[in-house]
Amino acid sequence: MNRNIRYILSFISLVVLQVLVLNNFQLFGYLNPKVYPLFILILPPKINRALLLFIAFGLGLTIDVFENSGGVHASATLFLALIRPLLLRIITTPGSNDVSKLNLGFLGIPKFLSYLIPAILLHHLWLFTLEAFTFSNYYLVLYETLISSAFSILLIFTLELLFNRNSEE
Amino acid sequence: MQKLINFLIRNYSFILFLVLQLIAFVFILQANSFSRSTFFNSTRAVSGEMLEKYHNAKEFANLKRTNQILAEENARLRSISKESYFPMFSISDTVIDTLYNQQYVYIPSKVVNSTYTYSNNHLTLNKGSNNGIQKGMGVINAEGVIGKVKEVSENYSVVYPLIHQKGQVTGRIKSSGHFGEVSWNGKDYDRVQLNKIQRHATFDIGDTIVSDQRSEIFPSGIPIGVIQDSTLNYETQFISIEIDLLPDFTNIEYVYIVNDLLKEERTNLKQKVVENE
Chain A
12 MNRNIRYILS FISLVVLQVL VLNNFQLFGY LNPKVYPLFI LILPPKINRA
62 LLLFIAFGLG LTIDVFENSG GVHASATLFL ALIRPLLLRI ITTPGSNDVS
112 KLNLGFLGIP KFLSYLIPAI LLHHLWLFTL EAFTFSNYYL VLYETLISSA
162 FSILLIFTLE LLFNRNSEE
Chain B
3 MQKLINFLIR NYSFILFLVL QLIAFVFILQ ANSFSRSTFF NSTRAVSGEM
53 LEKYHNAKEF ANLKRTNQIL AEENARLRSI SKESYFPMFS ISDTVIDTLY
103 NQQYVYIPSK VVNSTYTYSN NHLTLNKGSN NGIQKGMGVI NAEGVIGKVK
153 EVSENYSVVY PLIHQKGQVT GRIKSSGHFG EVSWNGKDYD RVQLNKIQRH
203 ATFDIGDTIV SDQRSEIFPS GIPIGVIQDS TLNYETQFIS IEIDLLPDFT
253 NIEYVYIVND LLKEERTNLK QKVVENE
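Here it is, written out as structure tokens:
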């Protein structure tokens, strides 16, 4: 119960953070950091795949509703949920030590980063390509992806440092 | 069936992914007019291209019929065009008026046989006396003068083209108005000769030679060819001009047979004068 409440709290706070704070962060045109994908990344590693997809869809759709962007976030978060098992498999190859929780404390910095960075990059790439809806001037999309990913990773890493630095049970 | 169900069950997560992506995509298209317009425009471009290719293939299959229709329409339009009419002036006290009387009628026909490699070449057309064709009528096509009708049967006619040594017509230099006889020396199928041009006639290489009404069978001004070269015959003091033919005799499909409605009247009138001399 405690665990589920924690998940719900994370969901809400991440959405609020994204919608109220970050989306008004209009420094440069191409800087669009997204922190909500963190929620998908910290869900239990052994979660049911279908459930994961539905949760991702729901999270993305919630952001979409606040941003009036149709289904771009839903689509991108869905994609992230699809490739999450792949990413997990990559970082847990050495030995079969089962990870019980996916946060900074349990994984350690190197593993967490090698989990976080590709995830965010791919999610943002999908998202911004879909937002542009064209392949002309694609270098702009790539530029936006890189800048925003860097910032998102920074923010998410900071959040994890603040809240999950120590492995807890 | 069982295999399909097994496949669906094994990949249920990916299929769920696809389904949800589809829903998200629909939302995107709904919300975003740019994506909606590009999506529909590109699908319209793809389907448009496909339909265009299909239509081209269909058009190609209909070419024969299309050509026939066009030839008939051309004949009708030529008959209506002003050059086919014989102007009759009628000056009354207060009004100067021009009445037009139909002079030339064009009958479209398809070439069923043609030669161009012999020293005397012939064309066979698929219209004959049943269609009103008579010996001596002129034959032209969209490019220019073709020849004269030599023989007629019920359904076919044979034509002496310009590349027949007996297929002479009267030709006129369009720019200067000097006329002479256009005939063929039997050598090249794309060259004829314009003979008996006055020595003082002025013309340039590239000038057009057209048909002249003095030939009695063609309307005036139908193109024959383009001047290539000229030589002065010192004995006869006439100029001979080499002409590059405008009609392509290697590739004739559709022609028009010209019926001069006023020819009989002219012939009868001339005969009367000759008889009384």
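So the protein lines, in turn, are chains A and B. Residue numbering for the first sequence follows the working numbering, starting at 12 and increasing by one per position. Residue numbering for the second sequence follows the working numbering, starting at 3 and increasing by one per position. From the three backbone atoms N, C-alpha and C, an ideal C-beta is built for every residue, glycine too.
*Below 6 Å CB to CB, which residues in the same chain sit around ASN197/B once its five sequence neighbours on both sides are set aside?*
If you number the second sequence from 1, residue 197/B lands on position 195. Around ASN197/B: GLY182, GLU183, SER242.
*Check whether PRO56/A and PHE162/A have beta carbons under 8 Å apart*: To locate residue 56/A, count along the first sequence from 1; it is residue 45. To locate residue 162/A, count along the first sequence from 1; it is residue 151. If you check the CB distance, PRO56/A and PHE162/A do not come in under 8 Å.
*Looking at the structure shown, is LEU18/B part of a helix, part of a strand, or coil, going by DSSP?*
Indexing the second sequence from 1 puts residue 18/B at position 16. DSSP places LEU18/B in helix when its eight states are reduced to three.
_At the 8 Å Cβ level, is LEU89/A part of the contact set with chain B, yes or no?_
Your numbering for residue 89/A matches position 78 in the first sequence. Yes, because at least one Cβ of chain B sits closer than 8 Å to the Cβ of LEU89/A.
*From which residue to which residue does the beta strand (DSSP E) around ASN197/B run?*
Taking the second sequence and counting its residues from 1, the one referred to as residue 197/B is at position 195. Looking at the DSSP string, the run of the beta strand (DSSP E) that includes ASN197/B is 193 to 199.
*Reducing DSSP to helix, strand and coil, say where ASP209/B ends up.*
Start at 1 with the first residue of the second sequence, and residue 209/B comes out as number 207. Coil at ASP209/B, not helix or strand.
*Tell whether a beta-carbon distance below 8 Å holds between LEU127/B and GLY149/B.*
Translated into positions along the second sequence, residue 127/B becomes position 125. Translated into positions along the second sequence, residue 149/B becomes position 147. Their beta carbons are not under 8 Å apart, which means LEU127/B does not touch GLY149/B by this criterion.
*Buried or exposed: where does THR210/B fall if 16 or more other Cβ atoms within 10 Å of its Cβ makes it buried?*
By one-based count along the second sequence, residue 210/B stands at place 208. So THR210/B ends up on the buried side.
*Buried or exposed: GLN32/B, going by 16 or more other Cβ atoms within 10 Å of its Cβ?*
Counting from 1 along the second sequence, the entry for residue 32/B is found at position 30. The residue in question, GLN32/B, is exposed, as its Cβ has fewer than 16 Cβ neighbours within 10 Å.
_Proximity to ILE131/A [Cα-Cα], best of SER159/A, ILE16/A, LEU99/A_ = Reading the first sequence from its first residue, position 120 is the one you call residue 131/A. Among SER159/A, ILE16/A, LEU99/A, the Cα nearest to that of ILE131/A is on SER159/A.
*With DSSP run on the structure shown, which of helix, strand or coil describes PRO163/B?*
To locate residue 163/B, count along the second sequence from 1; it is residue 161. Residue state, collapsed to three classes: strand.
*According to a CB-to-CB cut-off of less than 8 Å, which residues of the segment 26 to 57 of chain B neighbour chain A?*
ALA26, PHE27, VAL28, PHE29, ILE30, LEU31, GLN32, ALA33, ASN34, PHE36, SER37, THR40, PHE41
*Segment limits, alpha helix (DSSP H) that includes GLU155/A*: By one-based count along the first sequence, residue 155/A stands at place 144. Per DSSP, GLU155/A belongs to the alpha helix (DSSP H) from 149 to 174.
_For PHE9/B, would you say it is in contact with chain A, using Cβ-to-Cβ distances shorter than 8 Å as the test?_
Here residue 9/B refers to the residue found at position 7 when the second sequence is read from its first residue. It does not; no Cβ of chain A falls within 8 Å.
*Along the chain, where does the beta strand (DSSP E) that runs through ASN115/B open and close?*
Reading the second sequence from its first residue, position 113 is the one you call residue 115/B. Taken as a continuous stretch (DSSP letters only), the beta strand (DSSP E) holding ASN115/B covers 106 to 116.
_Pairs of beta-carbons, one from the segment 12 to 25 of chain B and one from the segment 116 to 134 of chain A, closer than 8 Å: are there three or more?_
no
*Report the three-state DSSP secondary structure of ASP214/B (helix, strand or coil).*
The sequence position of residue 214/B within the second sequence is 212, counting from 1. In the structure shown, ASP214/B sits in coil (DSSP, three-state: anything other than H, G, I, E or B).
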